[in-house]
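Protein chains in written order, with the numbering used here: chain D, 9 to 511; chain C, 93 to 204; chain V, 915 to 1063.
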């Protein structure tokens, strides 16, 4: 139990930063607030790397921390296993680079202390969802992150942002309502809230009606948070109208931590998967890929194009998860990492284009490559990575998912995955051609490159995108292999956690 | 059993408000009703036959209490619902300020 | 309190409010303080404390209420409340775990018992009370700004 108290730090640090920034807003200049935010998100990133290093030395690769010292089935426990640490690194990496980007992006006219406070409350919710081992605690952190998200979408107060925020809030709360009812049914069936204990009891009892019903409720609720088709309708509006750094957090991290991670954790580790459930996930994933692929190519707004492409990439991840084979789950988890890096980078470049050129419509833009070289190169790297061009990062993850489909015998799904990749390539090529290549227009004569802080974060993320394929090397493979292994163990998770908890 | 069906009916009333009403304030009221129905359902799940309310007093011995865990979870859920309602009302006020109307069929500026 | 006869409500409401408002706030503090003995606790008592400020604003108009608690004081007090909550939770580390109950637990049903739980109740009562009043102030300010446009 000596090292496991770091689990509590992932929640303490963002919450205290949020309220410290809100308190110091009167007394300190803006520079100090930005410095505090970068310092805090950087320290959480370092702690998550430390957790990654310390995990293999502990029992069963699992660290359990009981809050308040109360024993495991009665109190709330925080569980650090392979999947949690992987998601922590993904979330905090994106948050660190976005907080550096914020230094240059937030205007003098915007209310920076409120923006940073909401940003860190969202980060608290995201970290809390990933590390908790208690089902209702997961719901509470999910709501904290979601409500901070609703508030951040309408931060700039224009009519379009308010409409998008209202739509997002209404649909998101409906999803949360379904999740709450599902948790109520599960509690009445198992009379415990600890996830490990619950999976042990579900394996023992015969839940003929309850478990499938709760599964459907959770697919609806968490699927809405993850923007799985047919629950994807809120995503284009919300991610287009939010400020660019917040869109990067949403598309890169929020839909994965609140939707994909929670659904995978509950379906694989707590409820136990059946073949019908897995095939349902693959069907929904395939529908997402087709819907998004077709609609993304038709968009003329830069951020809306990226938002539609996010729906498709989440479809890829669910396709991989639904196969249930080792390679499928490995590819899905790898794609979580690659997509979060690439999509965050794309939204950040869109933000820097928006800030310098004050233009979002692709029909009005062209030739920005001469004036904004760093942004253009980073955007090219990220879009080629997402489209699946070797040797950039996302090529490997998509290849693994397609190979897994063929291995499992689903030739039709592999065909859909390849079609989706071609459509993504078309959408990204369209964006590149109109925004960056070609002749520079008259009105862009005075456009300057993005500010220093924005350039640093964009360049670092582009570097991670380029070298992302190196994660398949044998030394670094356990980073993803452990995460996939936790999901594949299924309900044995409960025995491991309870065994590690009583030590 | 009839209590659970009435709770479901209350949830459907709230859902009807969210889906079919055109005024933003009525949608928010529909959400509040849905929240009440969900919390009520969760508390009702904790009922034991002939159970007493779970309050311990200094001079009474209450042995047959209803389940206390749903009561705390519903307490948390009510607070979350409060935060959500406050945010929705703030968004509604700003929409009225910008667009001059509460009617959602007239606030369609995002297309595609 | 400076009495602007045009702001707020009628003279009957103002007289009754003068008498009642301190009782409402004391009742709220009573519910907060006895949170570990009887139903209530931090959130419920905090709502009643906030309601006493809202009653002040409704009866006497915006000027009187904001002269007692301005928007910046409300926002700062709320952050102070949250940070104090975290500090008490962190003090559990000295006992061995986060959020642990380290103070002496006295006899049951007494006012000074149950370790750190009453402290949590007080801090929550402060935060929720001031926070809900800040939300209400934000609505009133937004509406005034809208009417001026």
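All C-beta atoms in this analysis are idealised placements derived from N, C-alpha and C, irrespective of residue type, glycine included.
Computed from a predicted model, the values in this text were never measured in an experiment.
- Any residues in the segment 938-951 of chain V with a beta carbon nearer than 7 Å to a beta carbon of chain D? Which ones, in chain order? none
- Task: Please compile the residues from chain V whose C-beta is within a distance smaller than 8 Å of the C-beta of residue 35/C.
- Result: In the structure as shown, chain C starts at 93 and stops at 204, and residue 35/C therefore has no counterpart that could be examined.
- Identified DSSP bridge partners for residue 73/D: 86/D
- Message: For residue 491/D, tell me which candidate among 89/D, 151/D, 347/D has the shortest Cα-Cα distance.
- Response: 89/D
- Under 8 Å between C-beta atoms of residue 394/D and residue 439/D: no
- Reference residue 146/D; option with closest CA among 121/D, 106/D, 109/D, 85/D: 85/D
- Compare the C-beta of residue 511/D against all C-beta atoms of chain C and say whether one is closer than 8 Å. Because the pLDDT at residue 511/D is just 49, under 50, the model does not fix this residue reliably, and the point stays unresolved.
- Query: Thinking C-alpha only, which one of 977/V, 1043/V, 1055/V, 929/V is nearest residue 993/V?
  - Reply: 1043/V
- Over the uninterrupted alpha helix (DSSP H) stretch that includes residue 145/D, give me the two end residues. For residue 145/D, the uninterrupted alpha helix (DSSP H) run begins and ends at 143-161, by DSSP.
- Message: Between residue 338/D and residue 489/D, how many whole angstroms is the CB-CB distance? I'm expecting something under 8 Å.
- Response: 7 Å
- Looking at C-beta atoms only, is the number of pairs between the segment 303-313 of chain D and the segment 102-117 of chain C that lie closer than 8 Å three or more? The segment 303-313 of chain D, when compared against the segment 102-117 of chain C, does not touch it at the 8 Å Cβ threshold.
- Message: Given this structure, state the Cα-to-Cα distance separating residue 968/V from residue 177/C, to the nearest angstrom.
- Response: 18 Å
- Task: Would you verify that the beta carbon of residue 990/V is, or is not, closer than 8 Å to some beta carbon of chain D?
- Result: Closer than 8 Å: yes.
- List the residues that DSSP assigns as beta-bridge partners of residue 115/C. In DSSP, residue 115/C forms a bridge with 195/C.
- Message: Within 10 Å of its beta-carbon, does residue 197/C have 16 or more other beta-carbons around it, so buried, or fewer, so exposed?
- Response: exposed
- Anything in chain D within Cβ reach of residue 966/V, meaning under 9 Å, just list it in chain order. The premise fails here: residue 966/V is roughly 24 Å from chain D at the closest Cβ pair, so nothing lies under 9 Å.
- Keeping to the same chain, check which residues put their C-beta closer than 6 Å to that of residue 22/D; ignore five residues upstream and five downstream. 128, 131, 132
- Cα-Cα separation, residue 144/C to residue 949/V: 20 Å
- Task: Pull up the distance between the alpha-carbon of residue 923/V and that of residue 181/D, whole angstroms please.
- Result: Distance between the alpha carbons of residue 923/V and residue 181/D is about 37 Å.
- Message: Comparing C-alpha positions only, which one of 311/D, 276/D, 444/D sits nearest to residue 254/D?
- Response: 311/D
- Which residues in the same chain as residue 204/C place their Cβ atom closer than 6 Å to its Cβ, once the five residues preceding and following it in sequence are excluded? Low per-residue confidence applies at residue 204/C: pLDDT is 43, beneath 50, and the placement is therefore not dependable enough to give any value.
- Task: Determine the direct distance from the alpha carbon of residue 970/V to that of residue 933/V, and round the result to whole angstroms.
- Result: 11 Å
- Item | Through-space distance from residue 1049/V to residue 984/V, alpha-carbon basis | 12 Å
- Please specify which runs of the alpha helix (DSSP H), each continuous and at least 4 residues long, are wholly inside the segment 937-974 of chain V, giving them in chain order. 956-974
- Under a Cβ-count criterion, where at least 16 other Cβ atoms within 10 Å of its own Cβ denotes burial, should residue 511/D be classed as buried or exposed? Bear in mind that the predicted position of residue 511/D carries a pLDDT of just 49, short of 50, making it too unreliable to give a figure here.
- Against chain C: residues of the segment 136-156 of chain D by CB proximity under 7 Å: Correct list: 144, 148, 151, 155.
- Whole-number beta carbon distance between residue 390/D and residue 365/D, since they are thought to touch under 8 Å: The pair is not a contact, with the Cβ atoms about 18 Å apart (cut-off 8 Å).
- Message: Can you check whether the C-beta of residue 442/D is within less than 8 Å of a C-beta belonging to chain V?
- Response: no
- Message: Against residue 168/C, what residues of chain D qualify as contacts under a CB-to-CB distance less than 8 Å, listed in chain order?
- Response: 144, 148
- Task: Compare the C-beta of residue 24/D against all C-beta atoms of chain V and say whether one is closer than 8 Å.
- Result: yes
- Message: Let me check understanding here. Comparing Cα to Cα, which of 16/D, 30/D, 354/D, 432/D lies closest to residue 72/D?
- Response: 16/D
- Have a look at the DSSP bridge pairing and note the partners of residue 309/D. 369/D
- Message: Please return the same chain residues whose Cβ sits closer than 6 Å to the Cβ of residue 387/D, not counting the five positions on each side in sequence.
- Response: 357
- Item | Within chain D, partners of residue 209/C - CB distance below 7 Å | No information on residue 209/C is available, as it lies outside the stretch 93 to 204 that chain C covers here.
- Item | With 16 other Cβ atoms within 10 Å as the buried cut-off, status of residue 97/C | exposed
- Whole-angstrom distance between residue 215/D and residue 134/D, CA atom to CA atom: 31 Å
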